[in-house]
Structure formats: C-alpha cells, structure tokens
Amino acid sequence: MNIDRIKNIGTSAVGVVIKTAKRTSQTVKHAFDNPVAKKSFKKSLPVACATAGALSLFSLIPNRKADGKQTKIEKKSGTLASVIFALASFKKFFNVEGQKVKDIFSKLKLMKVDEVWDIVKAKKANAVLYIATILGVKIVTDVVTKGIDAFVNEITDPKKLGD
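In this note's numbering, each number is its position in the sequence shown, counted from 1, plus 26.
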C-alpha cells in the first residue's frame, strides 16, 4: 500500500469530521439563540428535572453487590427517563395541542414567505433543543443514579455476591 494514499484518506476523514462537528455546534448555538426555542426549553425544564430525579431513585433498590456496578433496572433508568421526558414534553416544545394538520396547512397558505421561513427556523431550533434535552435527561439520570448508588453502597455496606 502506498503510505501517501493512506495519509490522504486519513486527512480527508479528519477534515470531514471537523466540518461536521463545526456545523453541529453552530446549529446548536443558533438553536439556543432562538427566543422561541429558548422559551420552549425553559417550559420543559421542570418536566426534565422531575423525570431525571424520580427515575434516579431506582438506585435505592437494594442490591447485593458492592462492586459499584449497577443492575439492569438501574442501567435502564436513564433510557426510561428520556422516553418519558420525550413523550411528556413534546407538546411544550412544538405547541401542537388542539391543532389539526388541516388547520396548520390552511394557516400556511395565508402566510407570507418570510413568516413561513421564520416558523421553519423556529421549529428547527425547537427540534435541536428537544433532542439535546432528551440526551441531557438521559445523561443526568445515569450520573445521578450512579452517585446515589455509590452513596447507598457506602452507607449500607452491602454483602458481596460470594458472601
């Protein structure tokens, strides 16, 4: 194999990754700059805190190991929290309660192009923040669950599996 060819493939792959990362960070930054998306994000924070906090309490389930590893139900608490949050906060992010698809399209026909473009940008920013918040809920739930589990294991000093 030609070393220069391998180097060129690696360099171009790194370039693609860097461009994608920059584009993604700019998209997220613009999403946080959008006032409509910020408002939706702030409305969903209580739901995010409630789901992450409630499902982190799975770590209080007694287990017979002190090795710091979590059981299956504790591992799934982050995923379950993100699913519950996604379902509970969808209406808060996209303001679709009480609207039918036919009504939405009839409103779009009456709008000017600039107004439609602003709505599309706001919906894109909402979608970006919605996905980021779902991932955040999963990560926070997993971290808090591990922290509570470690704290409980330290206090209760459970028996190891071989005992």
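C-beta: ideal position from N, C-alpha, C; glycine also.
May I have the straight-line CA-CA distance separating residue i from residue j, to the nearest angstrom?
{"i": "residue 107", "j": "residue 116", "result": "14 Å"}
{"i": "residue 113", "j": "residue 29", "result": "51 Å"}
{"i": "residue 39", "j": "residue 119", "result": "35 Å"}
{"i": "residue 137", "j": "residue 149", "result": "16 Å"}
{"i": "residue 135", "j": "residue 57", "result": "26 Å"}
{"i": "residue 159", "j": "residue 53", "result": "15 Å"}
{"i": "residue 46", "j": "residue 165", "result": "23 Å"}
{"i": "residue 83", "j": "residue 178", "result": "11 Å"}
{"i": "residue 180", "j": "residue 98", "result": "20 Å"}
{"i": "residue 101", "j": "residue 157", "result": "20 Å"}
{"i": "residue 174", "j": "residue 80", "result": "12 Å"}
{"i": "residue 161", "j": "residue 176", "result": "23 Å"}
{"i": "residue 60", "j": "residue 35", "result": "38 Å"}
{"i": "residue 43", "j": "residue 109", "result": "29 Å"}
{"i": "residue 68", "j": "residue 41", "result": "35 Å"}
{"i": "residue 141", "j": "residue 72", "result": "31 Å"}
{"i": "residue 48", "j": "residue 33", "result": "23 Å"}
{"i": "residue 31", "j": "residue 55", "result": "36 Å"}
Could you check whether residue j and residue i sit closer than 9 Å to each other, using their CB atoms as the reference points?
{"i": "residue 152", "j": "residue 66", "result": "yes"}
{"i": "residue 111", "j": "residue 170", "result": "no"}
{"i": "residue 70", "j": "residue 172", "result": "no"}
{"i": "residue 167", "j": "residue 37", "result": "no"}
{"i": "residue 63", "j": "residue 155", "result": "yes"}
Exposed or buried, which one is residue i when buried takes at least 16 other CB atoms within 10 Å?
{"i": "residue 104", "result": "buried"}
{"i": "residue 189", "result": "Model confidence at residue 189 stands at a pLDDT of 49, short of 50, so the residue's coordinates are unreliable and nothing is read from them."}
Just reading off the alpha helix (DSSP H) that residue i is part of, what are its end residues?
{"i": "residue 81", "result": "61 to 82"}
{"i": "residue 101", "result": "98 to 101"}
Just to check, is the beta-carbon of residue i closer than 8 Å to a non-hydrogen atom of the ligand HEM?
{"i": "residue 41", "result": "Ligands displayed in this structure: none; no statement on the ligand HEM is therefore possible."}
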